[in-house]
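Novice: There's a structure below that I have some questions on.
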Amino acid sequence: MPDPFQDVDAAGEEFISSFADSMDERQSDPTMELIVASYLSKLTFPEDSLTVEVGCGAGAVTRRVAERANPARVIGFEPSHGFVKEAKARVTGHGNVTFEVADGASLPLKDESVDNLIMHTVLTHVEDPTPLLIEASRVLKTGGVLVVCDADFSKASLGNFPYDPLDACAKIFVREFVTDPHAVAKLQKLVSDAGFNVEDFSFQSRSVLDNDQMLPWVVETGKVLMERGEISQELHDGLVSEYRRRARNGTLYGYQVFATLIGRRG
C-alpha cells in the first residue's frame, strides 16, 4: 500500500490520533530529546527571527523549538488538516508558535523571510525531496540554516534472533509506512544540489528496550495484514502480546539510527 503519511487525512481520524500520540511519546524519549536539543543548540533565535518546521505533524518537535526560540516566532506547517488540529490542541504555554496547513513544496512565505527551517522525519515520506528542499532555499535568508533530521529506516530492527516475527513486523512496517527507507544515504547530495552548504552530518543510535515506542510498528503492521486476509486477529494479538512480554522482562530490542544534517543557504 502507499505510505499513509503521504496523505494522512485519508488514513482517518483513528490513524491521526494514534500517531499523534506516538509522535509525542517518541519525542519524550531521552535519545530523541538529545537529538533535537543538539541541533537546536546549533541555531540562533534573535527576537525578530522566524523559525519554520515543515511537516510538523502534531507539533511534538515544534513545541520544543518554540520553547527554545521564545520570544522569537515559530510556525509549524503541515499538509494534514487532522494533524494541524491535533497540534493546536496540544500546544499550551507557547504564545510564540502557530500551526498552519500548507504543503512543504509551496509555503505561504515571502522569499528570504526565514532564519531557520527544520524538516524532522519528513523526507523519508516523500517520493521526491527536491521540491521541498528548493522551496526551503527560496524562503530561507542568505546564511539561513536548514536542519534535516530523519531515521535511516533501512537499518531499523526489532529482531532478537534470525527470522524473529517481531522483526518481520518491523520490516513490513518500513515497506508499508515509509516511502524511501534509504533517503538518509542520499541527503548530502540532495541538499547540496538544492544550493546549500553542508556544515554537519551526524548520526545517533536509538534503542527501544522497555516501552511501547515501537509498538505501532507491530500494531499497524498487523492491521494491514489482517485487512489483506493474510493473518488472523489471534496472530495479531499474539504479536502485540509478545512485544509487551519482552518489554516487561527486559528482552525487547528495538534499534533505529537517526541522521541530522545541518546546511546553510549560500
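Mapping the sequence shown onto UniProt numbering, position 123 (from 1) lands on 123, and the numbers just tick up by one.
Beta carbons are placed, not taken as given, at the ideal position from N, Cα and C, and that holds for glycine.
What you are looking at is a predicted structure, and each value in this text was computed from that prediction instead of being measured.
So, at 6 angstroms on beta carbons, what are the nonlocal neighbours of His120 in its own chain, with the 5 sequence-adjacent residues on each side left out?
Specialist: Locating residue 120 in the sequence shown gives position 120, counting from the first residue. Once the five neighbours on either side are set aside, the close Cβ partners of His120 are Val61 and Cys149.
Novice: Tell me whether the beta-carbon of Tyr255 lies closer than 8 angstroms to the beta-carbon of Ala156.
Specialist: The residue given as residue 255 occupies position 255 in the sequence shown. The residue given as residue 156 occupies position 156 in the sequence shown. Yes, these two residues count as a Cβ contact at 8 angstroms.
Novice: Extract the residue ranges of the alpha helix (DSSP H) inside the region 129 to 211, only unbroken runs of 4 or more that lie entirely within it.
Specialist: Runs found: 130 to 139, 165 to 177 and 183 to 193.
Novice: Can you list, in chain order, the residues of its chain whose CB lies under 8 angstroms from that of Val198, leaving out five sequence neighbours each side?
Specialist: The count along the sequence shown starts at 1 and reaches residue 198 at position 198. Contacts found: Gln188, Val191, Ser192, Leu261, Ile262 and Gly263.
Novice: Taking the alpha-carbon positions, what's the Leu107 to Asp212 distance?
Specialist: Translated into the one-based positions of the sequence shown, residue 107 becomes position 107. Translated into the one-based positions of the sequence shown, residue 212 becomes position 212. Distance between the alpha carbons of Leu107 and Asp212: 35 angstroms.
Novice: Who are the near neighbours of Gln233 in its chain, counting only those whose CB is closer than 7 angstroms to its CB and skipping five residues on each side?
Specialist: To locate residue 233, count along the sequence shown from 1; it is residue 233. Within the same chain, Gln233 has close Cβ partners Met226.
Novice: In this structure, does DSSP put Tyr243 in helix, strand or coil?
Specialist: Taking the sequence shown and counting its residues from 1, one reaches residue 243 at position 243. Note: Tyr243 maps to helix in three-state DSSP.
Novice: Please check the pair Phe153 and Val178, which I expect to be a contact at CB under 8 angstroms, by giving their CB distance rounded to whole angstroms.
Specialist: Within the sequence shown, residue 153 is the residue found at index 153, counting from 1. Within the sequence shown, residue 178 is the residue found at index 178, counting from 1. Correct: roughly 5 angstroms between the Cβ atoms.
Novice: Is the beta carbon of Asn96 less than 8 angstroms from the beta carbon of Ala58?
Specialist: Along the sequence shown, read from residue 1 onward, the residue named residue 96 stands at position 96. Along the sequence shown, read from residue 1 onward, the residue named residue 58 stands at position 58. No. Outside cutoff.
Novice: Do Cys56 and Gly76 come within 8 angstroms of each other at the CB atom, strictly closer than that value?
Specialist: One-based indexing of the sequence shown puts residue 76 at position 76. One-based indexing of the sequence shown puts residue 56 at position 56. In this structure, Cys56 lies closer than 8 angstroms to Gly76 by Cβ.
Novice: In the DSSP assignment, find the alpha helix (DSSP H) that holds Leu261 and state where it starts and stops.
Specialist: Locating residue 261 in the sequence shown gives position 261, counting from the first residue. Unbroken run through Leu261 is the beta strand (DSSP E), Gly254 to Arg265; no alpha helix (DSSP H).
Novice: Could you check if Asp167 is buried or exposed, using at least 16 other CB atoms within 10 Å of its CB as the buried criterion?
Specialist: By 1-based counting over the sequence shown, the position of residue 167 is 167. It counts as buried.
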